[in-house]
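Heads up: the sequence shown begins at 190 in the working numbering, then just goes up one per residue.
C-beta atoms are modelled at their ideal positions from N, C-alpha and C, and glycine is treated no differently.
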Amino acid sequence: MKVLLSGHKGFIGTQIFNWLKTSDHEFTGFDKDEKIPGDRFDIILNFGARTLIRKSREFPYEYFLDNLDLTLKLLEKARKEDSAIVFPTSGSVMEATNPYSLSKRQGEEWVKLYNKMYGVRYYILKLYNIYGETSTKGAVYLFSKAAIKGEPAIIFGDGSHKRDYTHVSDLVRYISLILSNNVDPGIYEVGTGIGTSVLELISMIEKECKTTLAKVRRDFIVQEADDLHSKLPIMPNMIQLPEGIKRVVEMLRRS
């Protein structure tokens, strides 16, 4: 299969790009500062996006350009060249409360519209807290870094809110299934199916790092409600959170 990957230098994009190098697929990667390749591709993986909610409030126009505008350009390419498209989004963008979530929500609507009007085949992937050794954001990274450096853990609310945490390598495995034509087009949730609270996550990191984190509590930030869709089957041998934490901590200690 001939694959186009946007955002191939980002955290998730790099992992997909490295896997593609080991696959039998023909592939091309490009980043936000590069021109979209003119060749025809069988499928487009749209992982080129800005993802920091805080930054989106500071730079709303840039988030529009790098997220929604790019999505429209890739949808046009898919329409003209009869390509499928993979569009990753957050698992919680029901109500847009910032420019990032708005760009993702509108991106989903554009993808579905192109399917309805032009028959563009799509895979919308609802992602939940993707983490990994090379990530420099997110709860697993931030709490692991705090534990190693002896810094406090900032907790919003009472720490009881549960989230699913998915290692980036397992997301790559799902992408490989899509590229092998083993998944029908549609909207899917990608996760382990296991909820972990912030306090439970911190406890796992404290156990791995053999330390106790000082905890600073802040007012709870309202989260968007989860929108339930079809779940991709839970893969066997997915990386469990304690093992994922161990990998992240080991990487941080080496850096």
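Reduced DSSP category for residue i - H, G, I as helix; E, B as strand; rest coil
{"i": "K315", "result": "strand"}
{"i": "F345", "result": "strand"}
{"i": "Y377", "result": "strand"}
{"i": "K326", "result": "coil"}
{"i": "K351", "result": "strand"}
{"i": "T260", "result": "helix"}
{"i": "F206", "result": "helix"}
{"i": "L417", "result": "Its pLDDT being 45, under 50, L417 is placed unreliably in this model, and the value from its coordinates should be taken loosely. Residue state, collapsed to three classes: coil."}
{"i": "M445", "result": "Lying outside 190 to 444, the shown extent of the chain, residue 445 is not represented and no answer is given."}
{"i": "E340", "result": "coil"}
{"i": "V411", "result": "Its pLDDT being 45, under 50, V411 is placed unreliably in this model, and the value from its coordinates should be taken loosely. Coil."}
{"i": "D228", "result": "coil"}
According to DSSP, residues forming a beta bridge with residue i
{"i": "H356", "result": "Y320"}
{"i": "L194", "result": "G218 and L234"}
When the options are compared against residue i, the one with the closest alpha-carbon
{"i": "S317", "options": "L430, E439 and L193", "result": "Per the sequence shown, the amino acid found at residue 317 is Tyr instead of Ser. Of the listed residues, the one whose Cα sits closest to Y317 is L430."}
{"i": "I448", "options": "K224, E247 and G218", "result": "Because residue 448 is not part of the residues shown, which for the chain are 190 to 444, the question remains open."}
{"i": "L291", "options": "K266, I274, E251 and V275", "result": "E251"}
{"i": "K338", "options": "G308, V275, A403 and R362", "result": "A403"}
{"i": "S212", "options": "T323, R362, I434 and G321", "result": "R362"}
{"i": "R406", "options": "V357, F200, F345 and I434", "result": "F345"}
{"i": "I313", "options": "E322, S324, E297 and N304", "result": "E297"}
{"i": "L254", "options": "G199, K351 and P288", "result": "P288"}
{"i": "D222", "options": "D228, L209, H214 and R239", "result": "R239"}
For residue i, the first and last residue of its enclosing alpha helix (DSSP H)
{"i": "G384", "result": "Here G384 belongs to no alpha helix (DSSP H); instead the beta strand (DSSP E) covers G384 to S386."}
{"i": "L441", "result": "L430 to R443"}
{"i": "P249", "result": "P249 to Y252"}
Enclosing beta strand (DSSP E) for residue i [first to last residue]
{"i": "L234", "result": "I232 to N235"}
{"i": "V405", "result": "K404 to R407"}
- Task: Pick out the complete beta strand (DSSP E) segments inside the region 267 to 299, 3 residues or longer, and give them in chain order.
- Result: 273 to 279
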